[in-house]
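A.B. asks: Right, I'll just put the structure down here and ask away after.
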Amino acid sequence: MLQAGNLSARAGEKTFGYLETAQSRSGMRLDIPVHLIAGAQPGPTLMVQGAIHGAEIIGSIAILNLVEKLDPAVIRGNIIAVPVVNRAGFELGERGSRVDAKDISRLFPGKADGSISDQTAYIYFKETITQADVLIDFHAGARTAYERYVLFSAEDDPDNPTQLEKNRRKLVVAFGLDQAAFFPPGTFGANTAKKAIEDVNTCQITLEFGGGTGWFKNGEDNVRDAERGIWNIMKAMGMIEGEMESDGPLCTVYNAGVVIWKPAVDGLFIRDRKFKDALTVGDSYGRLVDPYTGDLLAQMPTPKDGIVIPSGQEWPTVGATSIGILGSIDRVDDRRTMDLSVSF
Ligand SMILES: [Zn+2]
515 MLQAGNLSAR AGEKTFGYLE TAQSRSGMRL DIPVHLIAGA QPGPTLMVQG AIHGAEIIGS
575 IAILNLVEKL DPAVIRGNII AVPVVNRAGF ELGERGSRVD AKDISRLFPG KADGSISDQT
635 AYIYFKETIT QADVLIDFHA GARTAYERYV LFSAEDDPDN PTQLEKNRRK LVVAFGLDQA
695 AFFPPGTFGA NTAKKAIEDV NTCQITLEFG GGTGWFKNGE DNVRDAERGI WNIMKAMGMI
755 EGEMESDGPL CTVYNAGVVI WKPAVDGLFI RDRKFKDALT VGDSYGRLVD PYTGDLLAQM
815 PTPKDGIVIP SGQEWPTVGA TSIGILGSID RVDDRRTMDL SVSF
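Using our numbering, the letters of the sequence shown correspond one by one to residues 515 to 858.
Okay, here's the thing in structure tokens:
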């Protein structure tokens, strides 16, 4: 029996329902849509989630496409598939939740007695993430167009990786994209959500997948390959049979250690550089201009040497926000020689 809060599926069954979470002070409910796919045979548990940032929906469509095809009769283990985690943000096409101005993805393990996002994070984490061996977390550029890559956290001690960290390295490559990037510890400050997820022994990989205006017209390949990646992870976990498919044999892994923060002035960010451009310190990374007059407000020279990894906000670029990331090539993994299977 696969169970998540008020929802359940018996072995060999596929069910859908809304996970009861919390309600706002006026009684509005933000219960989370959850598909439960309980394989006929026992095995590990895979969780896939989309739109924990409400405007980032490429993974959501890939998840719906996947769920339609999943046949519990031939699956070993369980799948918990959540097309939209953050319904408050999704409703308005926004990243966070306007109900309490919080970002659920940063709140795990949540708080039973906090605001509505704290409570939602608490129940969602307890009922779903804690029982997942692997969590695939889909993000995208929303209005901003990103390149596509797997994102993951670096090992706390690279010379002595944990079993979870070793598995994560394999899953990053197994997903099938030709590039991945990791943030060294502390790149964005302390990340308590990451720690909470690792503390319950759930191996998380995050995806950044395209975005930008006209994403549906231009995003078909991303939706297809996001779904392909989930099938690959199921194969790596031994949940289904079959050959993995990928962009190619190699996966370039970037150490994404340098965040470029916007200067103190607010404006429209014009990116001068594209993915994989190699910069040396002082080269122009971009400009901030007045969105109405076009006047130059600030030049943004690159603070360090590095390779451009598109990420961060382009508009609205107000307040403290990152507008880009620089990396260096850490390694190039070869799928032809790596054993990508993981066991739990
Ligand atoms: Zn996101």
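The beta carbon of each residue, even a glycine, is placed where N, CA and C say it ideally should be.
How big is the Cα-Cα spacing for S538 and T634?
C.D. replies: By 1-based counting over the sequence shown, the position of residue 538 is 24. By 1-based counting over the sequence shown, the position of residue 634 is 120. Answer to the nearest angstrom: the Cα atoms are 10 Å apart.
A.B. asks: Determine contact between the stretch 679-695 and the stretch 756-763, defined as no fewer than three beta-carbon pairs at a distance below 8 Å.
C.D. replies: Cβ pair count under 8 Å is three or more, so yes.
A.B. asks: Is E570 near ligand 1 - that is, is its Cβ less than 6 Å away from at least one heavy atom of it?
C.D. replies: Here the question's residue 570 lines up with position 56 in the sequence shown. E570: yes, Cβ under 6 Å from ligand 1.
A.B. asks: What whole-angstrom Cβ distance do V779 and L811 have, given they're in contact under 8 Å?
C.D. replies: Walking along the sequence shown from the start, residue 779 turns up at place 265. Walking along the sequence shown from the start, residue 811 turns up at place 297. So it is a contact: roughly 5 Å between Cβ atoms.
A.B. asks: Could you name the residues of the same chain whose beta carbon sits closer than 7 Å to that of E859, not counting the 5 residues immediately before and after it, in chain order?
C.D. replies: Because the chain spans 515 through 858 in this model, residue 859 falls outside it and cannot be assessed.
A.B. asks: Below 8 Å, can you find three or more Cβ-Cβ pairs linking the stretch 566-584 to the stretch 654-661?
C.D. replies: Verdict: yes, contact present.
A.B. asks: Going by the DSSP bridge assignment, what does I719 pair with across the sheet?
C.D. replies: On the sequence shown, residue 719 is found 205 positions in, with the first residue counted as 1. In DSSP, I719 forms a bridge with I650.
A.B. asks: Measuring CB to CB, does S460 end up less than 7 Å from I643?
C.D. replies: The requested residue 460 does not occur in the structure, where the chain is confined to residues 515 to 858.
A.B. asks: Please report the straight-line C-alpha distance between Y768 and D848, rounded to a whole angstrom.
C.D. replies: The residue given as residue 768 occupies position 254 in the sequence shown. The residue given as residue 848 occupies position 334 in the sequence shown. Answer to the nearest angstrom: the Cα atoms are 14 Å apart.
A.B. asks: Do three or more CB pairs link the stretch 582-600 to the stretch 553-568 at distances below 8 Å?
C.D. replies: The answer is yes - the stretch 553-568 touches the stretch 582-600, with three or more Cβ pairs under 8 Å.
A.B. asks: DSSP has S667 in a bridge; who is on the other side?
C.D. replies: Along the sequence shown, one-based indexing puts residue 667 at 153. DSSP lists F697 as partners of S667.
A.B. asks: So, under 8 Å CB-CB, A750 and K684 are touching, yes? Tell me the CB distance rounded to an integer number of Å.
C.D. replies: Translated into the one-based positions of the sequence shown, residue 750 becomes position 236. Translated into the one-based positions of the sequence shown, residue 684 becomes position 170. 7 Å between Cβ atoms; contact.
A.B. asks: Please go through the same chain and pick out, in chain order, the residues whose beta-carbon is closer than 7 Å to the beta-carbon of G733, but skip the five residues on each side of it.
C.D. replies: Counting from one through the sequence shown, the residue named residue 733 turns up at place 219. Cβ neighbours of G733 beyond the five flanking positions: I572 and G724.
A.B. asks: Would you list, in sequence order, the uninterrupted alpha helix (DSSP H) runs of no fewer than 4 residues that lie entirely inside the stretch 583-642?
C.D. replies: Correct list: 601-606 and 630-641.
A.B. asks: Using 7 Å as the threshold, is the C-beta distance between A646 and F604 below it?
C.D. replies: Residue numbering aside, residue 646 sits at position 132 when the sequence shown is read from its first letter. Residue numbering aside, residue 604 sits at position 90 when the sequence shown is read from its first letter. Going by C-beta atoms, A646 is not nearer than 7 Å to F604.
A.B. asks: May I have the straight-line CA-CA distance separating Q563 from D804, to the nearest angstrom?
C.D. replies: In the sequence shown, counting from the first residue as 1, residue 563 sits at position 49. In the sequence shown, counting from the first residue as 1, residue 804 sits at position 290. Rounded to the nearest angstrom, the two C-alpha atoms are 37 Å apart.
A.B. asks: Does any heavy atom of ligand 1 sit closer than 6 Å to the C-beta of H549?
C.D. replies: Within the sequence shown, residue 549 is the residue found at index 35, counting from 1. Every heavy atom of ligand 1 is 6 Å or more from the Cβ of H549, so no.
A.B. asks: Closest to Y532 by CA distance: which of R682, G838 and I637 is it?
C.D. replies: Stepping through the sequence shown from its first residue, residue 532 is reached at position 18. For the residues R682, G838 and I637, the minimum Cα distance to Y532 belongs to I637.
A.B. asks: Starting from Y532, follow its DSSP beta bridges and name the residues at the other end.
C.D. replies: Stepping through the sequence shown from its first residue, residue 532 is reached at position 18. Bridge partners of Y532: P547.
A.B. asks: When burial is assigned at 16 or more other CB atoms within 10 Å of the CB, is W829 buried or exposed?
C.D. replies: Along the sequence shown, one-based indexing puts residue 829 at 315. Exposed: under 16 other Cβ atoms inside 10 Å.
A.B. asks: Alpha carbon to alpha carbon, how far is S842 from P464? Give it in angstroms, no decimals.
C.D. replies: Not covered by the structure: residue 464. The range shown for the chain is 515 to 858.
A.B. asks: By Cβ distance below 6 Å, which residues in the same chain neighbour G743 in space, the five residues on each side in sequence not counted?
C.D. replies: Taking the first residue of the sequence shown as position 1, residue 743 is located at position 229. Here the set comprises F689 and G690.
A.B. asks: Do V686 and I719 have their CB atoms nearer than 7 Å?
C.D. replies: As a working mapping, residue 686 is identified with position 172 in the sequence shown. As a working mapping, residue 719 is identified with position 205 in the sequence shown. Their beta carbons are under 7 Å apart, which means V686 touches I719 by this criterion.
A.B. asks: Considering only the beta carbon of each residue, do L793 and V648 sit closer than 7 Å?
C.D. replies: Position 279 of the sequence shown, counting from 1, holds the residue named residue 793. Position 134 of the sequence shown, counting from 1, holds the residue named residue 648. Not a contact, by the Cβ cut-off of 7 Å.
A.B. asks: Return the residue from the list H549, I575 and A602 that minimises the CA-CA distance to M542.
C.D. replies: In the sequence shown, the residue the question calls residue 542 occupies position 28. The shortest Cα separation from M542 among H549, I575 and A602 belongs to A602.
A.B. asks: Using three-state DSSP, classify W775 as helix, strand or coil.
C.D. replies: Walking along the sequence shown from the start, residue 775 turns up at place 261. W775 falls in the strand class under three-state DSSP.
A.B. asks: Determine the burial state of S611: buried for a count of at least 16 other Cβ atoms within 10 Å of its Cβ, exposed for fewer.
C.D. replies: Residue mapping note: residue 611 aligns to position 97 of the sequence shown, counting from 1. When all chains shown are included, S611 counts as buried.
A.B. asks: If you draw a straight line from the alpha carbon of G624 to that of G838, how long is it in whole angstroms?
C.D. replies: On the sequence shown, residue 624 is found 110 positions in, with the first residue counted as 1. On the sequence shown, residue 838 is found 324 positions in, with the first residue counted as 1. Going by the C-alpha atoms only, they are around 29 Å apart.
A.B. asks: CA-CA distance, E712 and G808?
C.D. replies: Looking up residue 712 in the sequence shown gives position 198. Looking up residue 808 in the sequence shown gives position 294. Their backbone Cα atoms lie some 46 Å apart in a straight line.
A.B. asks: Tell me whether Y806 is buried or exposed, calling it buried when 16 or more other Cβ atoms sit within 10 Å of its Cβ.
C.D. replies: For the purposes of this step, residue 806 is taken as the residue at position 292 of the sequence shown. Y806 is exposed by the Cβ-count criterion.
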